[in-house]
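Numbering (this note's numbering), first residue to last: 31 to 127. Structure first, then comments.
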Amino acid sequence: RGSDCKTAYYDLLQISPTATRSQIKTAYYKQSFIFHPDKNAGSEQAVLKFTQISEAYSVLTPYQMQGLLLTLYSLFRKHLRFSTAVLKSRIPEILHY
Numbered sequence: 031r032g033s034d035c036k037t038a039y040y041d042l043l044q045i046s047p048t049a050t051r052s053q054i055k056t057a058y059y060k061q062s063f064i065f066h067p068d069k070n071a072g073s074e075q076a077v078l079k080f081t082q083i084s085e086a087y088s089v090l091t092p093y094q095m096q097g098l099l100l101t102l103y104s105l106f107r108k109h110l111r112f113s114t115a116v117l118k119s120r121i122p123e124i125l126h127y
């Protein structure tokens with residue numbers, strides 16, 4: 031079910047689930063410009079759409095970062111032989127940043 035929700039967010043931004051972080055950001059800015067409440071005074075539909083695309087962006091951006099951080103963790107662990115315990119203890123701290 032969580033996967034279906036993320037797919038809906040990609041659909042709202044009109045991008046592929048394989049979109050890069052940059053593509054997500056660009057799609058968000060394009061959509062937010064179109065549906066911004068200041069550009070559509072009095073339109074409840076525009077306010078709703080703007081709220082939805084803002085939520086999609088806020089959900090998908092950390093999701094992309096988490097994947098990047100996990101990849102970096104794997105590289106550090108493999109190539110630099112950092113202690114697994116030390117790295118695992120730092121990931122929540124980094125993700126919270």
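Cβ atoms here follow ideal geometry from the backbone N, Cα and C, with glycine treated the same way.
Query, Result
"Inter-residue CB distance, isoleucine 83 and glutamine 61 (contact presumed, cutoff 8 Å)", "5 Å"
"Burial state of alanine 38 (16 or more Cβ within 10 Å)", "exposed"
"Pair within 9 Å by beta-carbon distance, lysine 69 and phenylalanine 63", "yes"
"Same chain only: Cβ atoms within 8 Å of isoleucine 45, ignoring 5 sequence neighbours per side", "Gln53, Ile54 and Ala57"
"Threonine 56: first and last residue of the uninterrupted alpha helix (DSSP H) it sits in", "51-65"
"DSSP three-state assignment for glutamine 75, whether helix, strand or coil", "helix"
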